[in-house]
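Protein chains in written order, with the UniProt record's numbering: chain D, 1 to 346; chain Z, 1 to 346.
Number of protein chains: 2
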Amino acid sequence: MKRATSHQVATLANVSRTTVSFVLNNVPGMGISDETRERVLAAARQLGYVPNAMALSLASGATQTIGLLMPHDDQVHANVDAYIPRFLTGVTLTCQASGYKVLFEPLNHAAPAGACLNLVDSGRIDGLIALNPRQADFSYLNDAAGNGFPLIVFGSNLTGHDNVHSIDADNRDAARRATEHLLALGHRRIAHIAFAHDDYPIVRERLLGFRDAMQAADLEVDPAWVSYGNYSAQSGAESMRAILARSSGVTALFAGNDTIAFGAMAALRDAGLSIPDDMAIVGYDDIPLAAYAAPPLTTMRTEPFTEGSEAAAMLLRIMAGESSARAHVKAIVPLVVRRSCGASPT
Amino acid sequence: MKRATSHQVATLANVSRTTVSFVLNNVPGMGISDETRERVLAAARQLGYVPNAMALSLASGATQTIGLLMPHDDQVHANVDAYIPRFLTGVTLTCQASGYKVLFEPLNHAAPAGACLNLVDSGRIDGLIALNPRQADFSYLNDAAGNGFPLIVFGSNLTGHDNVHSIDADNRDAARRATEHLLALGHRRIAHIAFAHDDYPIVRERLLGFRDAMQAADLEVDPAWVSYGNYSAQSGAESMRAILARSSGVTALFAGNDTIAFGAMAALRDAGLSIPDDMAIVGYDDIPLAAYAAPPLTTMRTEPFTEGSEAAAMLLRIMAGESSARAHVKAIVPLVVRRSCGASPT
DNA sequence: TTGTAAGCGTTATCAT
DNA sequence: ATGATAACGCTTACAA
């Protein structure tokens with residue numbers, strides 16, 4: 001793999017490396033003769049010259065690359081989760097449009113701080129987006145931000161870290177509204193299956209919102225009604241079966257996400273139960289397949305692609321030195337009503 | 001964002017930069033005194049020293065980064081496709097285990113050659129995995145490989161490009177077997193909905209396999225039976241409705257992928273048709289949700305995570321200078337029978 | 001056992 | 001209008 005250097009271009013064009021740089025970067029006010037410019041351009045073309053990105057980064061101090069940090073447990077997460085890939089796409093396309101590359105960094109329990117720190121400290125990236133970081137990740141993220149490193153935290157509305165720019169959906173509020181939808185339909189015994197362990201702030205938020213709604217309706221939530229999945233539809237099915245087995249008399253389910261909901265629905269069908277007659281269901285995320293569930297799933301709509309784009313756009317802005325004040329954006333999460341909860345309020 | 005340099009470490013430890021480098025890299029046979037080593041290590045720790053990756057790359061000629069190239073059309077593809085994210089995860093985790101980062105590069109129709117070429121020519125990456133490249137992408141991929149650039153092509157078994165290492169599933173054979181499953185069940189009028197336009201070799205292969213099976217059974221395939229989707233469940237539903245509207249009397253569907261199948265199933269349910277009684281369906285991919293469809297979807301099982309891991313492992317091996325001969329691996333695609341085609345052969 | 005110096009490919013500041 | 005030269009942070013012969 002031989003690559004041409006600016007030196008070779010200079011030699012071929014009979015000029016100095018400086019001139020090559022001036023021509024190729026269109027440096028203004030340098031009064032390069034048209035003749036010279038042509039010669040340099042021709043030489044570059046002939047040699048297939050492309051500037052070396054590493055040398056450029058070293059000299060300029062910028063890598064034109066950002067990092068995307070995301071949680072990742074045991075293959076399951078990024079493997080099965082439907083939100084992340086779309087977020088990633090949003091981030092990537094937005095960055096691409098501005099000439100930035102994105103470095104993808106799944107973060108598992110095993111290597112908590114190391115990977116990220118290294119990414120930042122080794123000067124490999126100019127900015128970082130952390131998607132749904134856990135509590136444990138937050139201390140060094142906050143440090144990095146404190147040192148002036150451009151950082152966007154997406155999806156964990158932790159307080160007391162005013163250094164970091166953040167974008168959030170109000171998961172708690174959305175979960176409350178999801179539950180209220182069920183309540184308004186007349187349901188009183190409502191189950192919740194969290195989509196993961198609750199050391200992720202996001203799952204805790206949804207659980208909290210669920211409880212908020214129940215409490216506001218003066219309803220006790222029986223511990224037998226809540227269960228924890230692990231992102232997969234399978235865990236949703238198992239949780240549903242467990243809840244059914246406890247014969248807790250629940251008539252509705254607020255699923256922590258749509259994948260969980262799909263699993264629960266399958267378990268219900270297998271048990272010969274009807275949706276929504278025996279069990280009304282609302283999900284969360286509005287994954288592309290949600291509208292194609294049987295029956296079509298009522299769910300809270302998130303916009304991963306848009307959110308990824310916005311996170312990237314915000315990061316780009318910060319890196320460009322605009323927007324000095326710490327921003328804390330809240331996204332809106334609408335309820336989209338389909339058929340999994342039946343027709344209208346009782 | 002201030003970062004410590006090896007120079008500062010050297011100063012603090014009262015040694016030269018060379019010594020710092022020797023100590024930190026554990027260069028053997030250099031006989032560094034334990035006392036000195038300790039002092040250097042302490043200084044590095046105290047300063048939070050992390051070597052600058054760009055400088056390191058420039059000096060060593062290696063970036064410890066690979067690129068992942070993938071097709072991408074109009075948001076739809078990476079946004080809705082269920083295969084890619086899992087492949088990506090497999091690639092990333094395998095690379096991570098070897099200390100490699102991965103640069104994610106979606107490639108859309110608009111910027112065909114540019115993005116990839118630049119990635120390679122700018123020396124930003126040490127190797128490249130191209131996932132399902134289109135015919136058009138192949139010429140420069142082949143060039144890069146010809147220049148000795150480590151490259152794995154996954155999923156487009158193009159011939160006449162012996163420079164490139166490739167991994168493939170035999171899509172044509174798999175599609176044939178999927179169709180044969182339907183045939184064995186007694187179906188004669190079988191529809192196919194391709195999951196994308198057929199300038200992707202992979203969708204052409206599946207179409208070809210479908211035709212192979214039909215032809216082997218001495219069956220004509222009516223043009224009214226085949227339709228083209230665009231990755232989305234929605235396009236699957238539309239295609240299904242179109243096929244139904246042509247009242248072509250088909251009794252079975254081989255869907256180009258599972259997402260398409262989900263859409264088709266929804267359209268069927270809406271039309272009051274029963275699966276599998278009115279329409280038997282086999283999909284392709286075995287996405288995580290396939291087993292949770294209503295009814296559970298019979299489909300061809302791909303293993304995106306494993307395939308991604310293997311592609312990465314192979315690339316890593318090539319970059320390490322092992323395996324000189326061009327490898328062309330074929331993966332196996334088993335049929336997994338669930339309930340969307342009914343019980344047993346007629 | 002440790003230090004000096006050259007080189008990796010750029011850009012940028014000066015002279016000329 | 002163009003060309004030396006230094007600087008970016010590191011590795012690695014080679015010297016001492």
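All residues carry an ideal CB built from backbone N, CA and C; glycine is no exception.
Since the model is a prediction, treat every value here as computed from it, not as a measurement.
Checklist entry - Any contact of the segment 211–230 of chain D with the segment 281–295 of chain D, i.e. 3+ C-beta pairs under 8 Å? => result no
Checklist entry - How close, in whole Å, do the beta carbons of Cys341 of chain Z and His165 of chain Z come, if the pair is a contact with beta carbons under 8 Å? => result Wrong, their Cβ atoms sit about 37 Å apart, outside the cutoff.
Next on the checklist: Which residues does DSSP list as the beta-bridge partners of Lys2 of chain Z?
Outcome noted: Bridge partners of Lys2 of chain Z: none, in fact.
Checklist entry - What's the call for Arg45 of chain D, buried or exposed, on a 16-neighbour Cβ count within 10 Å? => result exposed
Checklist entry - Under the rule that 16 or more other beta-carbon atoms within 10 Å means buried, what is Glu205 of chain Z, buried or exposed? => result buried
Checklist entry - Among residues of its own chain, excluding the 5 on either side of Ala55 of chain D, which ones have a beta-carbon nearer than 6 Å to its beta-carbon? => result none
Item to check | Rounded C-alpha distance that separates Glu303 of chain D from Val15 of chain D | outcome: 53 Å
Checklist entry - Does the beta-carbon distance from Leu103 of chain D to Leu68 of chain D come in below 9 Å? => result yes
Checklist entry - Using the beta-carbon of each residue, which ones in chain Z are nearer than 7 Å to Ser57 of chain D? => result Met54
Next on the checklist: Less than 9 Å between CB atoms is the rule here; does Tyr292 of chain D satisfy it with respect to chain Z?
Outcome noted: yes
Next on the checklist: For the alpha helix (DSSP H) containing Asp143 of chain D, name the first residue and the last one.
Outcome noted: 138–146
Item to check | Within 9 Å, strictly: CB atoms of Ile190 of chain Z and Leu208 of chain Z | outcome: no
Checklist entry - If we count the other Cβ atoms within 10 Å of its Cβ and call it buried at 16 or more, is Ile332 of chain Z buried or exposed? => result exposed
Next on the checklist: Here's the rule: buried if 16 or more other CB atoms are within 10 angstroms of the residue's CB, otherwise exposed. What is Pro345 of chain Z?
Outcome noted: Bear in mind that the predicted position of Pro345 of chain Z carries a pLDDT of just 35, short of 50, making it too unreliable to give a figure here.
Next on the checklist: Taking the beta carbon of Glu35 of chain Z as the centre, do at least 16 other beta carbons fall within 10 Å, making it buried, or is it exposed?
Outcome noted: exposed
Next on the checklist: Closer than 8 Å is the cut-off here; do at least three beta carbon pairs connect the segment 85–105 of chain Z with the segment 310–318 of chain Z?
Outcome noted: yes
Checklist entry - Since Gly236 of chain Z contacts Ala264 of chain Z with CB under 8 Å, what's their CB separation in whole angstroms? => result 5 Å
Item to check | Terminal residues of the alpha helix (DSSP H) in which Arg301 of chain Z lies | outcome: Careful: Arg301 of chain Z lies outside any alpha helix (DSSP H), inside the beta strand (DSSP E) at 298–301.
Next on the checklist: Let me see if you follow: with CB-CB separation under 9 Å, is His72 of chain Z close to chain D or not?
Outcome noted: yes
Checklist entry - DSSP three-state call for Glu105 of chain D: helix, strand or coil? => result strand
Item to check | Cut-off 7 Å between Cβ atoms - residues of its own chain near Leu62 of chain Z, not counting five sequence neighbours on either side | outcome: Looking at the sequence provided, one finds Ala at residue 62 of chain Z rather than Leu. If we look at Ala62 of chain Z and ignore the five residues flanking it on each side, its Cβ neighbours are Asp126.
Next on the checklist: Does the CB of Asp121 of chain D have a neighbour CB from chain Z at under 9 Å?
Outcome noted: yes
Checklist entry - Is it a yes or a no for the segment 185–204 of chain D touching the segment 244–264 of chain D, going by three-plus beta-carbon pairs under 8 Å? => result yes
Checklist entry - Closest Cβ-Cβ distance between Leu93 of chain D and chain Z: below 9 Å? => result yes
Checklist entry - Should Gln215 of chain D be labelled buried (16 or more other beta-carbon atoms within 10 Å of its own) or exposed? => result exposed
Item to check | Sub-9 Å separation of Ala194 of chain Z and Ala82 of chain D beta-carbons | outcome: no
Item to check | Straight-line Cα distance separating Arg37 of chain D from Pro334 of chain D | outcome: 57 Å
Item to check | C-beta neighbour in chain D for Ile243 of chain Z, strict 9 Å | outcome: no
Checklist entry - Hey, would you say Gly256 of chain D sits closer than 9 Å to Val203 of chain D, going by beta carbons? => result yes
Item to check | Local conformation of Ala169 of chain Z per DSSP, three classes | outcome: strand
Checklist entry - Would you call the CB atoms of Phe87 of chain Z and Phe305 of chain Z closer than 9 Å? => result yes
Item to check | Residue span of the alpha helix (DSSP H) that contains Leu58 of chain Z, given as start and end | outcome: 53–60
Checklist entry - What number of angstroms, rounded off, separates the C-alpha of Asn171 of chain Z from the C-alpha of Ala213 of chain Z? => result 13 Å
Next on the checklist: In this structure, how does DSSP classify Met214 of chain Z when only helix, strand and coil are distinguished?
Outcome noted: helix
Checklist entry - What residue range is occupied by the uninterrupted alpha helix (DSSP H) comprising Thr94 of chain D? => result 83–97
Checklist entry - Using the C-alpha atoms, what's the distance from Ser156 of chain Z back to Ala136 of chain Z? => result 12 Å
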